[in-house]
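Below you'll find the structure, written out as structure tokens, and then a few comments.
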Amino acid sequence: MYSQVSANKRKTWLIMLVFVAIIAALGWILGNMYGRGSTSYIYLALLGSAIYALIQYFLAAKIATAVNGAHEIQKKDNPRLYRTVENLAITAGMPMPKVYIMDDPALNAFATGRDPKHAVVCATTGLLEVMNDTELEAVMAHEMSHVRNYDIRVMMIVFGLVSAIAFIADMITHLMWFGGGRDDEDRQGNTVFMVLGIVAAILAPLIATLVQLAVSRRREYLADSSGALLTRYPEGLASALEKIRDSGSATQRQNTATAHLFFANPLKGGVAKFFSTHPPIEERIAKLRGMENRM
């Protein structure tokens, strides 16, 4: 298990280098389309993306709780949820995160923040109503594992970089339609970069999104395993996933920007299902049942 954690962390950082390469390539194309200093545009694209990712990094928790309508609670507000999180924090040797509740009938939960000392875990009212104590503990152990494994930090940075790539691609599209800093004669000899710009503007955001999905799905499997080890009872999480499969996890507030934070896919079907940041529930259940047999 611990070797899997280390391997997944290494692979995640390698994948994040792909984002840096995409941003640098977009900066190079933008520089050749808009001006003569293509190298400087690479640096500007990387710097701008880093600043955007840092802003996202520090504001992630406030943004996620606000857009999903979640509110912070204390122990007296919901002793069951609060004590469940408190006991898991003690068992895992972690700082106590802030506890939030989201008023929504969907069976779901999420974690966010930049590190274990600045973390938030949240459960929906639907989850609290349907799950028994063992299943609730299992779901919150999954979310606490995201915090302990620093998934919340990685995914916030990845999301910031995906957004930055989309922004640069939009800039390239704008320049192709409305023109850049070159004169007409210069622009006629710039056909190659115009073609590259069109291709990049279309493919870069799609590739970045697919990489984000790969990172998110990998870390969901890891959090399932880590959460099951924390409770020492994989069947609890498998049972919770079965209830979510049967009752649904799509929230009333549909927000693609924070979908990757949730325990199960909070978006409705269609294209959103194809681009889900979560692996199929049946596969998660099968892996957990496999853990049960090995423990």
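Residue numbers for the sequence shown follow the numbering used here, so the first one is -16 and each next one is one higher.
We treat Cβ as the ideally placed atom computed from N, Cα and C, and that holds for glycine.
A quick note: this is a predicted structure, and the numbers were derived from the prediction, not measured.
Cβ shell of residue i (< 7 Å), same chain only, five flanking positions each side left out
i	result
Ile227	Leu90, Ala247, Ile264
Ala75	Met127, Arg131, Leu213
Ile190	Ile5
Residues near residue i by beta carbon distance below 6 Å, same chain, minus five either side
i	result
Ala279	No statement about residue 279 is possible, as the shown extent of the chain runs from -16 to 278 and does not include it.
Val1	Val194
Asn238	Val50
Thr108	Asp86
Ala149	Pro188
Test item: CB-CB of residue i and residue j under 8 Å
i	j	result
Ala121	Gly210	yes
Ala36	Ala187	no
Ile25	Gly14	yes
Glu127	Ala72	Before going on, a small fix: residue 127 reads as Met here, not Glu. A contact, by the Cβ cut-off of 8 Å.
Asp207	Arg267	yes
Ala240	Leu250	no
Pro78	Lys58	no
Ser222	Glu112	no
Met16	Ile181	no
Pro262	Arg200	yes
Ser32	Leu144	yes
Leu205	Thr260	no
Pro217	Met177	no
Ile151	Leu9	yes
Closest Cα partner of residue i within the set the options
i	options	result
Asn61	Ala75, His129, Lys81	Lys81
Arg202	His125, Val182, Thr156, Leu27	His125
Asn115	His261, Ser230, Gly231, Gly219	Gly219
Tyr83	Thr74, Leu179, Met123, Glu118	Met123
Tyr133	Leu9, Val145, Trp(-4), Arg63	Trp(-4)
Bounding residues of the alpha helix (DSSP H) (the contiguous stretch that carries residue i)
i	result
Ala72	62 to 75
Gly219	217 to 230
Element boundaries [beta strand (DSSP E), containing residue i]
i	result
Thr95	92 to 96
Ala102	102 to 107
His54	53 to 56
Met127	That residue, Met127, is in no beta strand (DSSP E); its alpha helix (DSSP H) goes 116 to 131.
Met85	81 to 85
Own chain partners of residue i with C-beta closer than 8 Å, once the 5 adjacent residues on each side are dropped
i	result
Ile140	Met(-1), Ala36, Gln39, Tyr40
Gly52	Met85, Asp86, Asp87, Arg236
Ala4	none
Asp153	Ala184
Leu244	Ala47, Phe93, Ala94, Thr95, Ile135, Met138
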